[in-house]
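Counting along the sequence shown from 1, when you hit position 343 you're at 343 in UniProt numbering, and nothing is skipped either side.
Here a beta-carbon is modelled for each residue, glycine too, at the ideal position from N, C-alpha and C.
Worksheet: one structure, shown below.
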Amino acid sequence: MARKRVNAEVQRTKLQYAEQQTKLIKQKARLSELETQSKALKDREKAEVDADLALLKQQTEAAVAEVEVKVLEEAESDRRSLSLQEDKEYLQKVKMTLTEKYVNEQFNEVEQLKSQDKNNNVPQDIPNNQDKFSSHAPAPRNQLNIIPTPRNLPKFQVDDLDRSIVEDIKPEIRQKQTLNPYAADFELTQPPLPPNHDQSVVSDLTKFLLKKDLLLSRFQNFDDCINTSAIQYTMSSCAGRTIMNGRCAESLIVESLSGNGELEIHSVIECSAIPDEKSEIPTPDIAKSYPHLREIAHQIPNRQRLPNNRSQAWKRAQILDKSFQQNFTKKTHFVEFMQKVLVSGAAEVAPIITDEECWYLPLFGVYHQNKPNQIRGVFDSSASFEGVSLNSVMMSGPDLTNNLLGILLRFRSDQFAATADIEQMFYQFYVREEDRNFLRFFWYKDNNPDNPLIEHRMCVNVFGNSASPAVATYGLRKTVENSNETFGSDVKTFVNRDFYVDDGLISLPESEQVIDLITRTQMALKRR
């Protein structure tokens, strides 16, 4: 018991000293904290003073620079004002000197020409070469009718003078005097003209071109005084036959305003449409009309056989599959696109072939800038394999696309307008069974990206083939070829003239007319 009591007293004593020691440690910590805070406060005050000194130094430098700039600007302004005044005076002197030199040169040249004309006995007035219109031969100088000049002009040599005036286009009203527009001495002149008459000095080379330009510019719209008659003519091509309407003007002559000469021109036909340039492949009947091709027909080589590019298409398909793994959104959009293609019957699972000629189309997708959530699958018909591509051996057909300028002009002609679009136009026209193996491609089985890639083939014309635009346009027009009795002739006109590939634009005076035409066109195109 005594030992335990001793231990208890010892522990009690230690506890008392431990409490005092703890108090001292805390007091020391507070003193250290106060010392640290005081030091930090001093450091902050010192830093603020240093920052104020640096700012004051920069402000001093900026103020000094502004004073220097102001002084320099004032000095430059004073110098520039003096320099500009000196430059103006110098330029004025130069202008006066050059003007005086030019006037003297022109005066000396005119005096020299007068002296030469006088020595050569050249007539000093402008001749009126009337006799040239009937004879096409240069008139002798002693037979020229001399007329006074309309105003005081420098007297140049007669051979250097070449004047042309505006011609007129009239119906034939008297005996024609046929002229040769290519004659070297052919000129158009007339008796004295009023001073304000517009004359143009032209070269011999431009005389006939000038007459042609004046004729066409005056004849764009037929004048009432010209006798015209409406005619119809047929244009035949591999795209079919087209009936065109126009007015024919005959018995026209071109005469000078002086009445000294006339020029007979051929009949002119006014087209009812803006002319289009068509690069067409001739039909066999048209080709037979060229006898120079018959002798070499047997020497024309056959079409080159396509190599099997299955390995190329397979590699491209694997690259596309890898891109799908990195871009889930693109994969989703592409699967949705191919779902529509497969469900509509535009594509099918390809049958197994052995040694039959075929071609595989690499597939890739493109986005329209205005449709970021919709992708279009494009078959790369231009992909080259061993120097050959599908488009390189395929005939593209005629360019049947309407002139865009004509479509837009007609679209703006009336008050009420409408636009139409044929959805997946190329897919509306099927490819023959024997040609479908040239449109093979790789895609997922059952349109499931988790399934392996298998061979498919397209059953319709695809976007990317060079022949698809011509085939689709021809098929579109063929669909409404016989629709006049059932749906009206304006439906055929709308499809043939106002469609730019798959986009139609139309305007009519009344809104009811527009709605009715669009409705009847839809019904006509649904027939197959």
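query	result
In the DSSP assignment, find the alpha helix (DSSP H) that holds L439 and state where it starts and stops.	No alpha helix (DSSP H) holds L439; DSSP gives it neither H nor E.
Sorted by chain position, which residues of the same chain lie with C-beta nearer than 8 Å to F411's C-beta, five sequence neighbours on each side aside?	A417, D498, L505, I506, S507
Return the first residue and the last residue of the alpha helix (DSSP H) that Y474 is part of.	468-479
Would the beta-carbon of E348 fall within 8 Å of that of R457?	yes
Could you give the residue range of the beta strand (DSSP E) that holds residue 537?	Outside the shown range of the chain, which is 1 to 528, sits residue 537, and nothing can be said about it.
For a test of the three-state rule: what should DSSP assign to N451, helix, strand or coil?	coil
Check this for me: beta carbons of L361 and F441, under 8 Å apart or not?	yes
Which class does R44 belong to by DSSP, given the choice of helix, strand or coil?	helix
Can you find the residues in the same chain that come closer than 6 Å, C-beta to C-beta, to A317, ignoring five residues on each side of it along the sequence?	F442, L453
Could you give the DSSP three-state label for R457: helix, strand or coil?	strand
Helix, strand or coil for I352 per DSSP?	coil
Skipping 5 residues on each side, what residues in its chain have a beta carbon closer than 8 Å to that of F324?	K330, K331, F334, P449
Is the separation between the beta-carbon of V431 and that of N391 shorter than 8 Å?	no
Quick check: what's the CA-CA separation for T36 versus D43?	10 Å
Pair every Cβ in the region 419-429 with every Cβ in the region 469-476, then say whether three or more of these pairs are closer than 8 Å.	yes
What number of angstroms, rounded off, separates the C-alpha of V166 from the C-alpha of E264?	Annotation note: pLDDT 36 at V166 (below 50); position unreliable, coordinate value reported separately. Taking the straight line joining both Cα atoms gives about 17 Å.
Report the three-state DSSP secondary structure of G365 (helix, strand or coil).	strand
What whole-angstrom Cβ distance do L517 and V491 have, given they're in contact under 8 Å?	7 Å
Measuring only the C-alpha atoms, how far is A350 from V378?	18 Å
Report the partner residues of T234 according to the DSSP bridge assignment.	I243
For the alpha helix (DSSP H) containing F337, list its first residue and its last residue.	328-343
Ordered along the chain, which non-local residues of its own chain (more than five positions away) have a Cβ less than 8 Å from that of L15?	none
Just to confirm, are R477 and N465 a CB contact at a threshold of 8 Å?	no
Helix, strand or coil: how does DSSP classify S311 here?	helix
If you reduce the DSSP assignment to three classes, tell me which class L31 lands in.	helix
Use the C-beta contact count for F494: other C-beta atoms within 10 angstroms, 16 or more gives buried, fewer gives exposed.	buried
Find out if the Cβ-Cβ distance for the pair Q312, F385 is shorter than 8 Å.	yes
Might you give, ordered along the chain, the residues of its own chain that have their beta carbon closer than 7 Å to the beta carbon of L153, omitting 5 neighbours on each side?	Because the pLDDT at L153 is just 35, under 50, the model does not fix this residue reliably, and the point stays unresolved.
List the whole-angstrom C-beta distance separating Q304 from N447, where the pair is believed to meet the contact cut-off of C-beta under 8 Å.	So it is not a contact: roughly 34 Å between Cβ atoms.
Can you check which of these residues, A65, Y500, M96, is closest to G406 by C-alpha distance?	Y500
Name, in chain order, the residues that DSSP records as bridge partners for A418.	I506
Compare the C-alpha of P307 against each of R436, V393, V49 and name the closest.	V393
Please list, in chain order, all residues of the same chain as S381 whose beta carbon is under 8 Å from its beta carbon, the five residues on each side excluded.	L361, S389, L390, N391, M394, V462, G464, N465, S466
Taking 7 Å as the limit between beta carbons, can you name the residues of its chain near D502, skipping five residues before and five after?	D421, I422, M425
Tell me which residues share the same chain as T13 and place their Cβ nearer than 7 Å to its Cβ, disregarding the 5 neighbours each side in the sequence.	none
Measure the C-alpha to C-alpha separation of R520 and D355 and round it to an integer number of angstroms.	49 Å
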